[in-house]
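In what follows, a single structure is set out as C-alpha cells and then discussed.
Protein chains: 2
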Amino acid sequence: MKWWGWGDPSVPADLPPHALDFLQAELGVSGARRPPVSIEDVRLAEPSLPRKAQPKLALAVGGEWVRDDRLDRVTHAAGKGYPDLVRLRAGDATGAPDAVVYPADAAEVRAVLDACGSEGVAVVPFGGGTSVVGGVEPTRNGFEGVISLDLARMAKLEGVDDVSLTADFGPGLRGPQVEEALGQWGLTLGHFPQSFEYATVGGWVATRSAGQASTGYGTIEKLVCGLRCVTPSGEIDLPALPATAAGPSLRQLLVGSEGVLGVITRATLKVRAKPEERRYEAWMFRSFEDGAEAFRKLEQGGVAPDVARLSDQAETRLSLALTGQGSLKQRAGLRYVRMRGYDGGCIAVLGFEGDRTGVARRTGLATRVMRRTGGLALGAGPGRAWERGRYAGPYLRDALLDHGVMAETLETAHEWSHLMDLYRAVGTAIEGALAARGTPPLVMCHISHLYPSGASLYFTFLARQEADAELDQWRAAKVAASDAIAQAGATITHHHAIGRDHAPWMRAEIGDLGLAALHSVKDRLDPAGIMNPGKLFPQQP
Amino acid sequence: MKWWGWGDPSVPADLPPHALDFLQAELGVSGARRPPVSIEDVRLAEPSLPRKAQPKLALAVGGEWVRDDRLDRVTHAAGKGYPDLVRLRAGDATGAPDAVVYPADAAEVRAVLDACGSEGVAVVPFGGGTSVVGGVEPTRNGFEGVISLDLARMAKLEGVDDVSLTADFGPGLRGPQVEEALGQWGLTLGHFPQSFEYATVGGWVATRSAGQASTGYGTIEKLVCGLRCVTPSGEIDLPALPATAAGPSLRQLLVGSEGVLGVITRATLKVRAKPEERRYEAWMFRSFEDGAEAFRKLEQGGVAPDVARLSDQAETRLSLALTGQGSLKQRAGLRYVRMRGYDGGCIAVLGFEGDRTGVARRTGLATRVMRRTGGLALGAGPGRAWERGRYAGPYLRDALLDHGVMAETLETAHEWSHLMDLYRAVGTAIEGALAARGTPPLVMCHISHLYPSGASLYFTFLARQEADAELDQWRAAKVAASDAIAQAGATITHHHAIGRDHAPWMRAEIGDLGLAALHSVKDRLDPAGIMNPGKLFPQQP
Numbered sequence: 113m114k115w116w117g118w119g120d121p122s123v124p125a126d127l128p129p130h131a132l133d134f135l136q137a138e139l140g141v142s143g144a145r146r147p148p149v150s151i152e153d154v155r156l157a158e159p160s161l162p163r164k165a166q167p168k169l170a171l172a173v174g175g176e177w178v179r180d181d182r183l184d185r186v187t188h189a190a191g192k193g194y195p196d197l198v199r200l201r202a203g204d205a206t207g208a209p210d211a212v213v214y215p216a217d218a219a220e221v222r223a224v225l226d227a228c229g230s231e232g233v234a235v236v237p238f239g240g241g242t243s244v245v246g247g248v249e250p251t252r253n254g255f256e257g258v259i260s261l262d263l264a265r266m267a268k269l270e271g272v273d274d275v276s277l278t279a280d281f282g283p284g285l286r287g288p289q290v291e292e293a294l295g296q297w298g299l300t301l302g303h304f305p306q307s308f309e310y311a312t313v314g315g316w317v318a319t320r321s322a323g324q325a326s327t328g329y330g331t332i333e334k335l336v337c338g339l340r341c342v343t344p345s346g347e348i349d350l351p352a353l354p355a356t357a358a359g360p361s362l363r364q365l366l367v368g369s370e371g372v373l374g375v376i377t378r379a380t381l382k383v384r385a386k387p388e389e390r391r392y393e394a395w396m397f398r399s400f401e402d403g404a405e406a407f408r409k410l411e412q413g414g415v416a417p418d419v420a421r422l423s424d425q426a427e428t429r430l431s432l433a434l435t436g437q438g439s440l441k442q443r444a445g446l447r448y449v450r451m452r453g454y455d456g457g458c459i460a461v462l463g464f465e466g467d468r469t470g471v472a473r474r475t476g477l478a479t480r481v482m483r484r485t486g487g488l489a490l491g492a493g494p495g496r497a498w499e500r501g502r503y504a505g506p507y508l509r510d511a512l513l514d515h516g517v518m519a520e521t522l523e524t525a526h527e528w529s530h531l532m533d534l535y536r537a538v539g540t541a542i543e544g545a546l547a548a549r550g551t552p553p554l555v556m557c558h559i560s561h562l563y564p565s566g567a568s569l570y571f572t573f574l575a576r577q578e579a580d581a582e583l584d585q586w587r588a589a590k591v592a593a594s595d596a597i598a599q600a601g602a603t604i605t606h607h608h609a610i611g612r613d614h615a616p617w618m619r620a621e622i623g624d625l626g627l628a629a630l631h632s633v634k635d636r637l638d639p640a641g642i643m644n645p646g647k648l649f650p651q652q653p
Numbered sequence: 113m114k115w116w117g118w119g120d121p122s123v124p125a126d127l128p129p130h131a132l133d134f135l136q137a138e139l140g141v142s143g144a145r146r147p148p149v150s151i152e153d154v155r156l157a158e159p160s161l162p163r164k165a166q167p168k169l170a171l172a173v174g175g176e177w178v179r180d181d182r183l184d185r186v187t188h189a190a191g192k193g194y195p196d197l198v199r200l201r202a203g204d205a206t207g208a209p210d211a212v213v214y215p216a217d218a219a220e221v222r223a224v225l226d227a228c229g230s231e232g233v234a235v236v237p238f239g240g241g242t243s244v245v246g247g248v249e250p251t252r253n254g255f256e257g258v259i260s261l262d263l264a265r266m267a268k269l270e271g272v273d274d275v276s277l278t279a280d281f282g283p284g285l286r287g288p289q290v291e292e293a294l295g296q297w298g299l300t301l302g303h304f305p306q307s308f309e310y311a312t313v314g315g316w317v318a319t320r321s322a323g324q325a326s327t328g329y330g331t332i333e334k335l336v337c338g339l340r341c342v343t344p345s346g347e348i349d350l351p352a353l354p355a356t357a358a359g360p361s362l363r364q365l366l367v368g369s370e371g372v373l374g375v376i377t378r379a380t381l382k383v384r385a386k387p388e389e390r391r392y393e394a395w396m397f398r399s400f401e402d403g404a405e406a407f408r409k410l411e412q413g414g415v416a417p418d419v420a421r422l423s424d425q426a427e428t429r430l431s432l433a434l435t436g437q438g439s440l441k442q443r444a445g446l447r448y449v450r451m452r453g454y455d456g457g458c459i460a461v462l463g464f465e466g467d468r469t470g471v472a473r474r475t476g477l478a479t480r481v482m483r484r485t486g487g488l489a490l491g492a493g494p495g496r497a498w499e500r501g502r503y504a505g506p507y508l509r510d511a512l513l514d515h516g517v518m519a520e521t522l523e524t525a526h527e528w529s530h531l532m533d534l535y536r537a538v539g540t541a542i543e544g545a546l547a548a549r550g551t552p553p554l555v556m557c558h559i560s561h562l563y564p565s566g567a568s569l570y571f572t573f574l575a576r577q578e579a580d581a582e583l584d585q586w587r588a589a590k591v592a593a594s595d596a597i598a599q600a601g602a603t604i605t606h607h608h609a610i611g612r613d614h615a616p617w618m619r620a621e622i623g624d625l626g627l628a629a630l631h632s633v634k635d636r637l638d639p640a641g642i643m644n645p646g647k648l649f650p651q652q653p
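Here the protein sequences line up with chains D and R, keeping their order. Letter by letter, the first sequence follows residues 113 to 653 of our numbering. Letter by letter, the second sequence follows residues 113 to 653 of our numbering.
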C-alpha cells in the first residue's frame with residue numbers, strides 16, 4: 113500500500129482528460145499537479161520508547177517483530193482519511209508510532225499489552241490501516257511512547273463449521289484473503305466495503321463495518337456470533353452462539369469498541385454459500401425522493417436486493433461526467449432516458465446474489481415494486497459498470513488530490529420519515545461552509561444500506577483545495593456537516609466509526625451518562641488507559 | 113391475574129379425564145388434589161420501609177400510588193416460575209415487598225429512585241410479573257426495605273411513525289394492549305411469547321424476550337430501535353435509529369439489563385403491517401434429527417416460516433395424549449401417519465404471516481424443502497389447533513400443580529452442529545436427576561426459534577411432586593440441566609433471561625472478566641446497588 117495514499121503504488125491512477133475538464137469547469141482548479149513529497153523527505157521524530165519497553169516488547173514477540181524503520185513507521189503514522197493524506201503527502205509523519213509490533217497470536221498480544229502497561233506505552237491496534245476517521249492515529253495522550261500493534265501475522269482462517277455456517281477468523285485477515293480461504297469451502301462472508309482490498313476482519317468488527325452488500329448479508333455486527341478480545345485486564349472469550357438472553361450483550365459491547373477496550377484476536381462470523389449468480393441492474397428515477405420511496409417499499413416489503421444503491425442527481429451527473437458519455441451505447445442510453453422524461457434523474461443499482469432460481473424470483477419481485485414506484489429499467493450494463501468500479505473510490509481520491517481537489521466522504525443514517533430533511537440539511541451545511549471559504553463544492557449523496565425503519569446517506573464532496581489551509585478547510589466542512597447531522601437527530605456515523613474525527617459528536621449521540629457507562633467499562637478493562645487513547649471518547653469539556 | 117398462578121381466576125382450568133389417566137400411568141401421581149391455600153392464610157411479614165421512605169415515595173408518586181395492602185403485596189411477592197408458585201400455593205409470601213409503587217411517568221420513576229437511593233430501599237421493576245426465573249423477586253440484599261415498582265400506569269402507545277414503521281411504547285403496555293393499539297393503525301408488533309396476555313413491553317426489552325413468531329418477526333433485541341432508561345445516576349435516552357456505528361452498542365447494553373441498571377421508561381420498536389393472512393400447517397418427521405435438519409435447510413435457505421416449531425417424540429406423544437385422540441378425524445389422521453411409516457414421529461408446525469401472495473409464495477418454497485427433507489404434510493388442522501392453544505401452557509401448569517405434578521420448562525440455544533448433542537445431554541441430565549430422587553420424569557423438547565447458525569431448544573418436564581421437598585426436587589433438576597447446558601457450551605437462556613435462577617451460570621457464559629465489565633456499568637449507573645439486587649450477577653465466589 114502507498115504510504116501517502118491508496119493501493120499498490122505501481123498501479124497508475126489518473127483522471128481521464130474529460131474528467132479533468134469537468135473539474136476545472138466546476139471547481140475552478142488550476143490543473144497544476146500537487147504530488148506527494150518523496151519518502152526521504154517525510155519528517156519523522158526520533159523513536160522514543162521508554163528504556164525498558166524495547167527489550168520487553170522483543171521478549172513478547174521476538175526482536176524481528178518490533179520494527180522502527182522509516183517505512184514501517186510512516187505506513188503506521190495515520191489511516192486513510194482526507195486529513196491523514198493531506199498531512200502525509202506534505203511530508204508530515206511526526207505523529208508516527210515509536211515502533212510497530214507484530215504479534216503472532218493472542219498470547220503474544222497479551223504479553224505486548226502487559227509490557228506496554230508496565231512501561232507506560234500507548235497501544236494502537238492496527239488492521240488494514242484503512243480508517244478514514246483517524247481510528248489508527250498513534251496518539252500519545254500523555255504516555256511516554258506509543259506503538260502500533262499490527263495484526264497482519266494473525267491472518268488465519270482458524271476453522272469452518274459448514275453445518276452451522278460459521279467460521280473463525282484471525283483478526284488480520286484482509287478481505288481478499290477472507291474470500292479466498294472461504295472460497296475453498298464454497299462459502300462467502302459477503303462483506304465488501306469499499307476498503308475490501310486492505311481492510312481486515314478485526315478492523316471490521318472493531319468499527320461496526322458495513323459492506324456494499326450489507327442490505328442483503330447484514331452489517332458486520334449482525335454477522336458476529338462470537339469473539340475473543342484480549343484486554344489489559346485479561347481476556348473475554350465469547351463462544352459462537354446463535355442467540356442468548358443472558359443479560360446485556362457483551363458481544364455488542366466489544367463490536368465497535370475501536371481498540372479502546374482491547375484487541376479482538378478472533379471473530380466467529382456467519383458465512384453463506386458462495387452465490388451461484390450475481391445480477392446487477394440499473395434503474396432510473398425522476399428524483400431522489402422517488403428513488404428513496406422505492407427503496408423503502410422494497411425493504412419494508414421484504415423484497416430488497418443484496419446491494420441497493422441510489423445516487424442523487426449530483427452523483428448521477430458526476431458519474432456520467434467521469435465515464436465520459438462517449439460510446440455510442442452510452443449516448444443511446446442517455447437518449448432513451450431523456451425521451452422517457454428521466455433526464456437529470458437519479459440512477460439506482462440493485463444487486464441480487466444467490467442461487468439462480470432465487471435470484472430470478474427476487475429480481476422479479478423487486479422489479480414489480482420498482483416499476484410501480486416510477487423506476488425506469490436501464491438493464492444490466494450500468495449495473496455491471498458499477499460492480500467493476502466498486503473499489504475505485506480511494507484510488508480516484510489520490511488522483512484528485514494530485515490535481516489539488518479536496519475529496520471527502522461522510523455518512524449517516526436516519527429513519528425514513530426524516531431522511532430527506534437530513535439529506536437537505538447536510539448538503540446545505542457542507543455547501544455553506546465551503547462556499548463561505550471561497551471554494552464552493554460539488555456535494556453528492558447516495559443511499560446504500562436499507563433497513564426496515566430507515567437507511568444510510570453517504571455524502572461525497574469535492575472542492576478546490578485551499579493551498580496551505582487544507583486542514584482548516586476540511587475542518588470547516590466536517591464540523592458543519594456533523595453539526596447538521598447531530599441537529600437532525602441522526603447518527604454521526606453509519607459505518608465509518610468514531611475514531612478521532614467523530615469523537616466530539618459522541619455526546620450528542622449517546623449523552624453524558626451513556627458516555628460515562630461506556631467509560632466505566634474502559635476503566636475496568638484498561639485501567640491504565642493505554643488502549644488507543646484519544647479515540648471514541650470525546651475530550652472532557 | 114391469580115396471585116397463586118396464571119390467568120384470570122374466574123376461568124376454570126382443569127385437565128380432561130384422559131389426560132389425568134395418562135399422567136397417573138406415566139408419573140405415578142395419586143390423583144389427590146393439592147389446592148393452594150386461601151389468600152387469608154398466606155404468610156406475610158409486616159411492611160418495614162425505613163421511616164422517611166414512605167412520605168418520600170408518597171411525594172414522588174402521590175399517596176394513593178404507594179400501596180401495601182395484602183393483595184398488592186402478595187401479587188408482587190414473586191414471578192411465575194415453578195418455585196415461585198410452589199411457595200405461593202403453600203402460603204409463603206414472606207418475601208413480599210414492603211410496598212408497591214406505581215409511577216405515572218419517567219419523572220416519577222426518577223423521583224422514586226432518588227427517594228429509594230437516599231433511604232436505602234431496593235427497587236424491583238415490575239412489568240407483567242411473568243418472569244419464570246425469579247427476575248421480579250423482591251430481594252432485599254442487605255437493604256432495609258424493598259419496593260416493587262409496578263409500571264402498569266405507564267401503558268400508553270406514545271407515538272407511531274407509519275412511514276418508518278416504528279412506534280414508541282410506554283413500558284407497562286401488555287401484549288393485548290400493544291396489539292389493540294397498533295391494530296388501529298393496521299400494524300402489529302408480531303411479538304407473541306407464551307406470556308403474551310400479561311407480559312409488558314418493558315419486561316420484554318429488559319429480558320431479551322422472544323415470541324413464538326420471532327423466527328419471522330425477530331426477537332425483541334432486533335426490534336429495538338431506541339429506548340429511554342432512568343437510572344439512579346440519571347437518564348440515558350437513545351433515539352430511534354435504523355443503524356449506527358458510533359461505538360459499542362448502548363442499546364444492546366440496556367436490552368437484557370433486567371432492571372439491574374435502571375428502569376426502561378420508553379421503547380421505540382419496529383412494527384409491521386398487520387398480516388392479511390396467517391397460515392399454520394403441520395408436518396410430521398420420522399425423527400427429531402430429520403425435522404431439525406429440515407428446519408436448518410429452511411432457515412439457511414432463506415425460506416423459513418414466521419413460526420417454526422418442531423416437537424420431539426415425547427412432546428408429540430404427550431400432546432396427542434392430552435388432546436385425547438378421540439375424534440374420528442384425529443383417528444383417521446393417526447392411521448394415515450402410521451400407514452406412511454411416521455408412527456412415533458415428531459410433529460412440526462409452520463406458520464406463515466403476511467399478504468396473501470407472499471404467504472402463498474413462501475408456503476410453496478418451504479413446502480418443497482419440507483418434502484425433500486422427509487416431511488409428511490398433515491395439513492392445516494393440527495396447525496390451527498396449536499395456534500388456538502398457543503397461550504395455554506401456563507394455565508395447564510396450574511392444573512398440573514393442582515394434581516401434584518411438577519411442571520417446569522427451560523430453554524437454551526446452540527449452533528446447529530451441536531444441537532442434537534445438547535438435546536441428548538440436557539434430557540439425560542434431567543432424567544437422571546429426577547430418577548435419582550424416585551420421581552422419574554417425562555422430558556419433552558421442541559425447537560422453536562431458528563437462526564442461520566443454530567436454534568433454540570425448549571424443554572418441558574413433568575414429574576410427580578415430592579411432597580414437602582418440592583423445591584429441593586426442582587433444584588436438583590434445574591442444576592443438572594443447567595450444568596449440562598454450560599458443559600455443552602450452549603447458552604443458559606435463550607429467552608427466559610437470567611434473573612435469580614440462572615445467575616450461577618452467568619460466569620460459565622461470559623467469564624469473570626465479562627461479568628466484571630458488566631458490573632462496572634452497574635456500579636456507574638447504580639452506585640448504591642438499589643436496582644433489582646440479587647439478579648443477573650452471580651454471588652461472588
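Using N, Cα and C, we set each Cβ at its ideal position, and we do this for glycine too.
Consult DSSP for residue i and reduce its assignment to one of helix, strand or coil.
i               : result
F308 of chain R : coil
L261 of chain R : strand
H526 of chain D : strand
T521 of chain R : strand
In angstroms with no decimal places, state the Cα-to-Cα distance between residue i and residue j.
i               : j               : result
G463 of chain D : L366 of chain D : 31 Å
T469 of chain D : A609 of chain D : 37 Å
V275 of chain D : V591 of chain D : 48 Å
I559 of chain D : L569 of chain D : 5 Å
A525 of chain R : A379 of chain D : 19 Å
G359 of chain D : L339 of chain D : 17 Å
V555 of chain D : D533 of chain D : 16 Å
R182 of chain D : K114 of chain D : 14 Å
E158 of chain R : H188 of chain R : 15 Å
D624 of chain R : K647 of chain R : 16 Å
To which residues of the same chain is residue i closer than 7 Å at the C-beta, ignoring the five residues directly before and after it?
i               : result
A172 of chain D : E220, A223, V224 and A227
R452 of chain R : L488
Across which residues does DSSP place residue i in a beta bridge pair?
i               : result
T380 of chain D : D:D280 and D:G338
Y448 of chain R : Answer is none; Y448 of chain R lacks a bridge partner.
Whose C-beta lies closer than 8 Å to the C-beta of residue i among residues of the same chain, with five residues either side of it excluded?
i               : result
L362 of chain R : I348 and L350
Which residues in the same chain have their Cβ closer than 6 Å to the Cβ of residue i, if we skip the five residues on either side of it in sequence?
i               : result
A537 of chain D : A596 and A600
Pop quiz: residue i and residue j are said to be a contact at Cβ under 8 Å. What is the actual Cβ separation, rounded to whole angstroms?
i               : j               : result
G191 of chain D : V244 of chain D : 6 Å
Y563 of chain R : P354 of chain D : 4 Å
G611 of chain D : G247 of chain D : 3 Å
Residues within the region 273-307 of chain R neighbouring chain C, beta-carbon criterion of under 7 Å: Any reference to chain C falls outside this structure, whose protein chains are D and R.
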